[in-house]
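Shown next, in structure tokens, is the structure this report addresses.
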Amino acid sequence: MTTKIIAFCLLSLAAPVLAAAESQPSDVWAAEFYNHYRTTANVTYKVTSQGDQKLDVYQRIDAPGPRPTLFFIHGGAWEHGSKEDVLGYTLPWMVWGWTVVSVNYRVTKEAIAPAGVEDCLCALHWVVANAPKYQFDLNHLIISGASAGGHLALLVGMAPVGAGLDRDFPGVQLPRPAAIVSFSGIVDVADLMAGPHKQGFAGAWVGNQADVARRVSPINYVRPGLPPIFLEQGDSDKTVPYSETVKFHAALTQAGVPNELMTVVGGGHGGYSAEEYVLIYKTLREFLGKYHLMVSE
Numbered sequence: 150m151t152t153k154i155i156a157f158c159l160l161s162l163a164a165p166v167l168a169a170a171e172s173q174p175s176d177v178w179a180a181e182f183y184n185h186y187r188t189t190a191n192v193t194y195k196v197t198s199q200g201d202q203k204l205d206v207y208q209r210i211d212a213p214g215p216r217p218t219l220f221f222i223h224g225g226a227w228e229h230g231s232k233e234d235v236l237g238y239t240l241p242w243m244v245w246g247w248t249v250v251s252v253n254y255r256v257t258k259e260a261i262a263p264a265g266v267e268d269c270l271c272a273l274h275w276v277v278a279n280a281p282k283y284q285f286d287l288n289h290l291i292i293s294g295a296s297a298g299g300h301l302a303l304l305v306g307m308a309p310v311g312a313g314l315d316r317d318f319p320g321v322q323l324p325r326p327a328a329i330v331s332f333s334g335i336v337d338v339a340d341l342m343a344g345p346h347k348q349g350f351a352g353a354w355v356g357n358q359a360d361v362a363r364r365v366s367p368i369n370y371v372r373p374g375l376p377p378i379f380l381e382q383g384d385s386d387k388t389v390p391y392s393e394t395v396k397f398h399a400a401l402t403q404a405g406v407p408n409e410l411m412t413v414v415g416g417g418h419g420g421y422s423a424e425e426y427v428l429i430y431k432t433l434r435e436f437l438g439k440y441h442l443m444v445s446e
């Protein structure tokens, strides 16, 4: 439940990590990718009036039994983006030996909030239903995303059944995720609707639904008993208020929720250097290791 501040004159700190990475046979791993993974693309998990909603599965095939699984949600201000855009976020998990599910959902021009939330929850129900077929380990299921996807990951992992966000499976309790990982995720949608933090994309997604803005804000679901939560954000982020993430981190800590906020000093809304990303994933792996969530390759 600590905050890590990373100052970048960091090359000296990152150098051992980079050296270790260079010593790994990454070129061999890449060449053998299709011996490690089967890619099942564009699987329909939900049919809507706006079209089929789809996901991709990168399934680990060279290890026995169920595999730890990452459920990843793309960003794009709820307005754009796709599951094909996030390979940079998910590839480290595949190197670590995880199966990956990458999800599309309806964006603003297709359907306003809370449709995208409902889609992600429906996709997670699909993962549960298809765990035997794809060997998803539901005891080691991590939900993650970046930016708007980070928001959706927090919401999907935190919102209780009573929040009324799951019209596809009303009253059905999903398994508790093993952890939630948010990269620059929005935690208070209502705060983006007006005032100094106002963002047009939030107003477009929520519309004139003040009650929905509250219901889709993860900060309103902080309570004891949540899974470990890893938060990453730059303190110069001009898109997502860093101050709200700090407040969210403090609320989690007060509620006794295991969590860590990794702050990229001077960092904006993603777009970090290679050295910064190396350190982010090193810190994330150490965080997950505290809760015995890492597996051997």
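Numbering-wise (the numbering used here), the sequence shown opens with residue 150 and increments by one.
C-beta atoms are modelled at their ideal positions from N, C-alpha and C, and glycine is treated no differently.
Neighbourhood of residue i by C-beta distance below 8 Å, restricted to the same chain and skipping five residues each side
{"i": "V386", "result": "Residue identity differs from the one stated: residue 386 is Asp in this sequence, not Val. Correct list, in chain order: S333, G416, G417, H418."}
{"i": "T193", "result": "D201, Q202, K203"}
{"i": "E273", "result": "Correcting the residue identity first, residue 273 is Leu in this sequence and not Glu. For L273, where only same-chain residues beyond five positions count, the Cβ hits under 8 Å are F220, I292, V305, L323."}
{"i": "L433", "result": "V330, F379, E381, M411"}
Residues sharing a beta bridge with residue i, DSSP
{"i": "V361", "result": "Per DSSP, none; premise fails for V361."}
{"i": "I292", "result": "F220, I329"}
{"i": "S251", "result": "D205, F221"}
{"i": "F182", "result": "Beta-bridge pairing links F182 to no other residue."}
Status (buried if at least 16 other CB within 10 Å, exposed otherwise) for residue i
{"i": "E435", "result": "exposed"}
{"i": "H289", "result": "buried"}
{"i": "K232", "result": "buried"}
{"i": "S172", "result": "Because the pLDDT of S172 is 44, which lies under 50, any placement of that residue in the model is unreliable, and the number read from its coordinates should be weighed accordingly. Result: exposed."}
{"i": "P182", "result": "The question names Pro, but residue 182 in the sequence shown is Phe. When all chains shown are included, F182 counts as exposed."}
{"i": "R325", "result": "exposed"}
{"i": "A278", "result": "exposed"}
Residues near residue i by beta carbon distance below 7 Å, same chain, minus five either side
{"i": "A404", "result": "V371, R372, P373"}
Of the residues the options, the one placed nearest residue i, counting alpha carbons only
{"i": "R316", "options": "A264, T394, E393, W275", "result": "A264"}
{"i": "E381", "options": "Q284, R364, V413, Q358", "result": "V413"}
{"i": "A262", "options": "P326, I210, A351, T239", "result": "A351"}
{"i": "L301", "options": "P324, D268, A399", "result": "D268"}
{"i": "Y440", "options": "M411, P376, L401", "result": "P376"}
{"i": "D340", "options": "N369, V321, P326, P319", "result": "N369"}
{"i": "V338", "options": "A226, R216, P217", "result": "A226"}
{"i": "S175", "options": "P217, V244, Y238, L303", "result": "V244"}
{"i": "L270", "options": "K195, G214, R216", "result": "K195"}
{"i": "L303", "options": "A179, I222, E425", "result": "I222"}
Cβ neighbours of residue i in the same chain (closer than 6 Å, five flanking residues each side left out)
{"i": "P390", "result": "H346"}
{"i": "E446", "result": "At E446, the pLDDT of 49 sits below 50, so the modelled position is not reliable; the number obtained from the coordinates is stated separately. Once the five neighbours on either side are set aside, the close Cβ partners of E446 are G246."}
{"i": "A353", "result": "T257"}
{"i": "E228", "result": "V256, T257, F350"}
{"i": "A362", "result": "V338, A339, M342, V355"}
{"i": "N296", "result": "Note that residue 296 is Ser in the sequence shown here, rather than Asn. So the qualifying residues of the chain are G224, S333."}
Cβ of residue i within 8 Å of any chain D Cβ
{"i": "A351", "result": "The displayed structure is made up of one protein chain only, and chain D is not part of it."}
task: With a floor of 4 residues, list each alpha helix (DSSP H) that falls wholly inside the stretch 346 to 399, ordered by position along the chain.
output: As for any alpha helix (DSSP H) of minimum length 4 sitting wholly inside the stretch 346 to 399, the runs are 349 to 355, 359 to 364, ordered along the chain.
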